[in-house]
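The opening residue of the sequence shown carries number 896 in my numbering; numbering runs sequentially from there. Think of the CB as a built atom: it goes at the ideal place given N, C-alpha and C, for glycine as much as any other residue. Please read the structure below before turning to the comments.
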Amino acid sequence: MDHINILEEVERDLEMCALNRLVNGKVDNFYEKVFKVYKMGGWPCGWKGEYPKGKMIVYLPNEK
Numbered sequence: 896m897d898h899i900n901i902l903e904e905v906e907r908d909l910e911m912c913a914l915n916r917l918v919n920g921k922v923d924n925f926y927e928k929v930f931k932v933y934k935m936g937g938w939p940c941g942w943k944g945e946y947p948k949g950k951m952i953v954y955l956p957n958e959k
């Protein structure tokens, strides 16, 4: 099993955030939430529950 480089995963996420803004503008949707997490210094690493009713799982390295 090949492991995805985390940097590549982050790059792909941010590319999707940019594409989302290009197509949809700045609206409250999944990719804007992902972008907000990255701006906070976090890493969106999963989803709990069924989308869209669930919650994004976020790793925040500075949170204790």
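- In this chain, the alpha helix (DSSP H) harbouring V929 covers F925 to K934.
- I899 sits in coil when the DSSP states are folded into three classes, being neither helix nor strand.
- Taking all protein chains in view, the Cβ of V932 is crowded by 16 or more other Cβ atoms within 10 Å, so the residue is classified as buried.
- Its Cα nearest to that of V953, the residue C940 stands out among C940, G944, E903 and K928.
- For G941, the enclosing beta strand (DSSP E) stretches over residues W938 to K943.
- Spatial neighbours of W942 in its own chain (CB-CB distance under 7 angstroms, excluding positions within 5 residues in sequence) are listed in chain order as G949, M951 and I952.
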